[in-house]
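Step one of this worksheet: look at the structure below.
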Amino acid sequence: MSTKPAVTGFYEMPPTRDPRGLTPLRITADVANRAIADAGLEKGQIDGLLTGQTMGDGFTMLWPTVVVDYLGLDVRYMNTVENGGGSSTGMLWRACAAIEAGMCDHVLCVVGDVWDSKTLSFNPPPFPKVAREFDEPYGLVGATPGYAMLTRRHMHEFGTKPEQLAKIAVDQRKNAMANPTALYGNKAIEIEDVLNSRVICDPVHLLEVVSPCTGGGAFVVSRGDYAERGPNPPVRLLGAAEAGGNRSIIYATHAPKYTTSMVKRAADELFKKTGLSRSDMDFAQIYDCYTVVVLMTIEDAGFCVKGQSGAFAEDHDLTFAGDFPLNTHGGQLSFGQPGLGGGMTQVMEAIRQLMGRGEARQVKNATKGYVANGGIVGQHCGLILAN
Amino acid sequence: MNTKPIPEMSDLSRHYWEQAQREALVLQRCTRCGTYQFYPRAWCTSCFCQELEWTPVSGRAEVFSFSIVHYPPFESYTDSVPYILATVKLEEGPQMMCNLLECDLDAVRVGLPVQVCYEVREGDFKVPQFRPVGGGA
Numbered sequence: 001m002s003t004k005p006a007v008t009g010f011y012e013m014p015p016t017r018d019p020r021g022l023t024p025l026r027i028t029a030d031v032a033n034r035a036i037a038d039a040g041l042e043k044g045q046i047d048g049l050l051t052g053q054t055m056g057d058g059f060t061m062l063w064p065t066v067v068v069d070y071l072g073l074d075v076r077y078m079n080t081v082e083n084g085g086g087s088s089t090g091m092l093w094r095a096c097a098a099i100e101a102g103m104c105d106h107v108l109c110v111v112g113d114v115w116d117s118k119t120l121s122f123n124p125p126p127f128p129k130v131a132r133e134f135d136e137p138y139g140l141v142g143a144t145p146g147y148a149m150l151t152r153r154h155m156h157e158f159g160t161k162p163e164q165l166a167k168i169a170v171d172q173r174k175n176a177m178a179n180p181t182a183l184y185g186n187k188a189i190e191i192e193d194v195l196n197s198r199v200i201c202d203p204v205h206l207l208e209v210v211s212p213c214t215g216g217g218a219f220v221v222s223r224g225d226y227a228e229r230g231p232n233p234p235v236r237l238l239g240a241a242e243a244g245g246n247r248s249i250i251y252a253t254h255a256p257k258y259t260t261s262m263v264k265r266a267a268d269e270l271f272k273k274t275g276l277s278r279s280d281m282d283f284a285q286i287y288d289c290y291t292v293v294v295l296m297t298i299e300d301a302g303f304c305v306k307g308q309s310g311a312f313a314e315d316h317d318l319t320f321a322g323d324f325p326l327n328t329h330g331g332q333l334s335f336g337q338p339g340l341g342g343g344m345t346q347v348m349e350a351i352r353q354l355m356g357r358g359e360a361r362q363v364k365n366a367t368k369g370y371v372a373n374g375g376i377v378g379q380h381c382g383l384i385l386a387n
Numbered sequence: 388m389n390t391k392p393i394p395e396m397s398d399l400s401r402h403y404w405e406q407a408q409r410e411a412l413v414l415q416r417c418t419r420c421g422t423y424q425f426y427p428r429a430w431c432t433s434c435f436c437q438e439l440e441w442t443p444v445s446g447r448a449e450v451f452s453f454s455i456v457h458y459p460p461f462e463s464y465t466d467s468v469p470y471i472l473a474t475v476k477l478e479e480g481p482q483m484m485c486n487l488l489e490c491d492l493d494a495v496r497v498g499l500p501v502q503v504c505y506e507v508r509e510g511d512f513k514v515p516q517f518r519p520v521g522g523g524a
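Protein chains in written order, with my numbering: chain A, 1 to 387; chain B, 388 to 524.
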């Protein structure tokens with residue numbers, strides 16, 4: 001009998017573009033309530049909390065306390081995991097570690113966020129002072145221009161083609177069409193649709209840019225002995241590896257750091273310590289704020305030779321029924337990016353697939369999966385999960 | 388009037404911006420290991436020593452990567468779109484961000500040699516920028 005902690009239940013709110021009446025705390029309470037029930041637990045049994053930051057609540061301090069208070073929890077362990085896109089995979093291993101350290105028995109991991117362009121007005125935006133001093137004066141605000149420069153450099157060094165980048169968006173859209181909750185699952189797109197969509201920051205097109213929305217998700221990690229008798233097949237953590245690096249690639253002095261991301265070191269460590277090979281993975285759920293992030297994660301995680309991810313995308317069927325099932329929920333590009341909870345969508349989908357609840361998009365005989373969170377610049381956390 | 392953002396400087400970076408007003412580009416250099424760094428910090432990121440010296444640099448660089456931005460991030464950029472946002476690699480090593488000025492959109496490429504220049508904003512505040520060597524690329 002396994003004594004390792006495991007994921008015992010989850011719930012994900014269908015993302016929406018209509019934030020009316022919703023707040024981060026209201027979403028948090030709703031997804032938490034349903035995830036706890038899915039795990040066969042009562043709220044009073046939750047004694048640990050990990051939560052993500054929210055844009056919709058203005059990035060406030062003491063956030064775990066606010067969440068505990070709102071939900072009426074009584075916990076022995078709590079924290080915010082604020083590693084940008086790397087937060088939700090970061091919650092999963094931290095929950096397991098806390099249980100193994102004897103801190104608690106059932107950890108609720110949750111994030112809910114509201115994206116409302118009408119009320120979301122930060123002045124100044126919640127960016128570090130160093131960004132306000134050295135980025136903003138050059139008109140660099142938000143993520144797209146930086147990823148555009150990364151895309152350009154990848155094209156320059158490796159000959160990556162626009163069509164190859166577009167293939168990521170096209171195949172993920174096919175997955176979204178098998179996911180009734182995906183925001184953009186109603187219309188197939190072809191490579192020329194991506195390349196004909198508006199250029200936002202050359203060479204990045206509109207259909208390669210993630211679209212913010214309102215949503216959230218929660219999962220419960222429980223002590224191993226409970227996980228064995230819980231209502232769902234336990235989803236086990238086989239390994240995790242995390243990395244932090246340059247805040248911005250602009251100032252990464254050494255060129256290789258620009259087009260070889262911190263995913264490389266973390267993934268090498270992850271596969272080494274789990275004793276698994278890349279071919280053991282039945283699917284990959286990879287953070288996808290931009291198409292280049294997916295390509296670079298594929299190659300830096302070792303699924304192909306460095307620099308060859310463009311050809312890899314062309315040569316493989318990346319849909320749930322294909323030979324390299326990738327972002328089977330549609331990815332954030334077609335599912336939606338719920339505020340600061342984007343990475344949670346990849347974690348939700350990995351758990352769903354490993355519990356055999358993927359419905360129309362279930363990956364056949366899925367037993368192990370790779371999950372990568374984080375936009376590869378700044379922070380990254382990768383996991384291998386299994387059923 | 389050029390109303391693009393004026394940087395909010397810190398005690399640590401004040402010298403960098405003051406020198407820019409005199410059209411001089413200065414970087415921090417570690418007196419122990421010789422590493423140049425940008426942006427300004429209290430510590431050398433290479434050897435973690437605190438003895439850093441402001442050192443004038445050549446202002447010669449090449450384009451490391453770039454993007455042509457089609458949507459203005461601020462109202463003050465409305466008349467500038469599409470504009471070039473670039474990461475340039477200085478001869479001395481560090482990389483900096485800039486907008487390439489006086490550069491044809493079709494002429495920009497990775498590896499293009501560029502030279503520091505200064506854009507004058509509100510209140511005669513000068514911001515270091517770069518333009519193609521020889522002009523009019």
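C-beta atoms are modelled at their ideal positions from N, C-alpha and C, and glycine is treated no differently.
With a threshold of 16 other CB atoms inside 10 Å of the CB of residue i, please say whether the residue is buried or exposed.
| i | result |
| --- | --- |
| aspartate 493(B) | exposed |
| lysine 129(A) | exposed |
| glutamine 437(B) | exposed |
| methionine 61(A) | exposed |
| arginine 94(A) | buried |
| serine 222(A) | buried |
| methionine 13(A) | buried |
| methionine 388(B) | exposed |
| tryptophan 115(A) | buried |
| glutamine 379(A) | buried |
| leucine 71(A) | buried |
| lysine 273(A) | exposed |
| leucine 439(B) | buried |
| cysteine 381(A) | buried |
| threonine 144(A) | buried |
| asparagine 179(A) | buried |
| serine 277(A) | exposed |
| alanine 395(A) | Lying before the first or after the last residue shown, residue 395(A) is absent from chain A, which here runs from 1 to 387. |
| cysteine 434(B) | exposed |
Nearest chain A C-beta to residue i closer than 7 Å, yes or no?
| i | result |
| --- | --- |
| tyrosine 403(B) | no |
| proline 392(B) | yes |
| leucine 472(B) | yes |
| tyrosine 426(B) | yes |
| serine 433(B) | no |
| serine 445(B) | no |
In chain A, what lies closer than 7 Å to residue i by C-beta?
| i | result |
| --- | --- |
| asparagine 486(B) | Tyr138, Gly139 |
| methionine 396(B) | Glu133 |
| valine 514(B) | Pro137 |
Which residues of chain B have a Cβ atom closer than 9 Å to the Cβ of residue i, listed in chain order?
| i | result |
| --- | --- |
| aspartate 135(A) | Met484 |
Between which residues of its own chain and residue i is the CB-CB distance below 7 Å, once the five residues before and five after are set aside?
| i | result |
| --- | --- |
| valine 68(A) | Leu49, Val75, Met78 |
| methionine 1(A) | Residue placement at methionine 1(A) is poorly supported in this model, since its pLDDT is 45, which falls under 50; the coordinates still yield a value, given next. Here the set comprises Glu228. |
| alanine 395(A) | Outside the shown range of chain A, which is 1 to 387, sits residue 395(A), and nothing can be said about it. |
Report yes or no: is there a C-beta of chain B within less than 7 Å of the C-beta of residue i?
| i | result |
| --- | --- |
| methionine 1(A) | For methionine 1(A), the predicted structure reports a pLDDT of 45, less than 50, and the residue's modelled location is therefore unreliable. The matter cannot be settled from this model. |
| histidine 156(A) | yes |
| arginine 152(A) | yes |
| tyrosine 290(A) | no |
| aspartate 18(A) | no |
| isoleucine 189(A) | no |
| isoleucine 250(A) | yes |
Starting from residue i, find everything on chain A with Cβ-Cβ shorter than 9 Å and list it in chain order.
| i | result |
| --- | --- |
| tyrosine 464(B) | Gly139 |
| proline 460(B) | Glu136, Gly139, Leu140, Val141, Gly142, Pro145 |
| valine 456(B) | Gly139, Leu140, Thr144, Pro145, Ala148, Ile200, Cys201, Asp202 |
Among residues of its own chain, excluding the 5 on either side of residue i, which ones have a beta-carbon nearer than 8 Å to its beta-carbon?
| i | result |
| --- | --- |
| glutamate 157(A) | Thr259, Gly307 |
| leucine 488(B) | Cys504, Glu506, Gln516, Phe517, Arg518 |
Strictly below 8 Å CB to CB, what residues from chain A border residue i?
| i | result |
| --- | --- |
| phenylalanine 453(B) | Met149, Arg152 |
| valine 497(B) | Arg152, Arg153, His156 |
Quick check on the DSSP output: the beta strand (DSSP E) that includes residue i runs from which residue to which?
| i | result |
| --- | --- |
| valine 67(A) | No beta strand (DSSP E) contains valine 67(A), which is instead part of the alpha helix (DSSP H) from 63–71. |
| cysteine 504(B) | 500–508 |
| arginine 358(B) | Here chain B has residues from 388 to 524 only, and residue 358(B) is not among them. |
| valine 363(A) | Note, valine 363(A): premise wrong, no beta strand (DSSP E); not H, not E. |
Given residue i, which residues of its chain have a CB within under 6 Å of its CB, disregarding the five upstream and five downstream residues?
| i | result |
| --- | --- |
| methionine 224(A) | With the sequence shown as reference, residue 224(A) is identified as glycine, and methionine is not the correct amino acid for it. Result list for glycine 224(A): Ser2, Thr3, Lys4, Pro5, in chain order. |
| proline 212(A) | Trp115, Gln337 |
| glutamate 478(B) | Ser445, Arg447 |
| serine 261(A) | Met296, Asp300, Ile376 |
Let's see if you can read the secondary structure: which residues bound the alpha helix (DSSP H) around residue i?
| i | result |
| --- | --- |
| threonine 388(A) | Nothing about residue 388(A) can be reported from this structure: the residues present for chain A run from 1 to 387 only. |
| lysine 476(B) | That residue, lysine 476(B), is in no alpha helix (DSSP H); its beta strand (DSSP E) goes 470–477. |
| proline 24(A) | 24–38 |
| proline 443(B) | First-last for proline 443(B): 439–443, but that is the beta strand (DSSP E), not the alpha helix (DSSP H). |
| glycine 343(A) | 342–354 |
| cysteine 213(A) | Cysteine 213(A) -> not in any alpha helix (DSSP H); beta strand (DSSP E) instead, spanning 212–222. |
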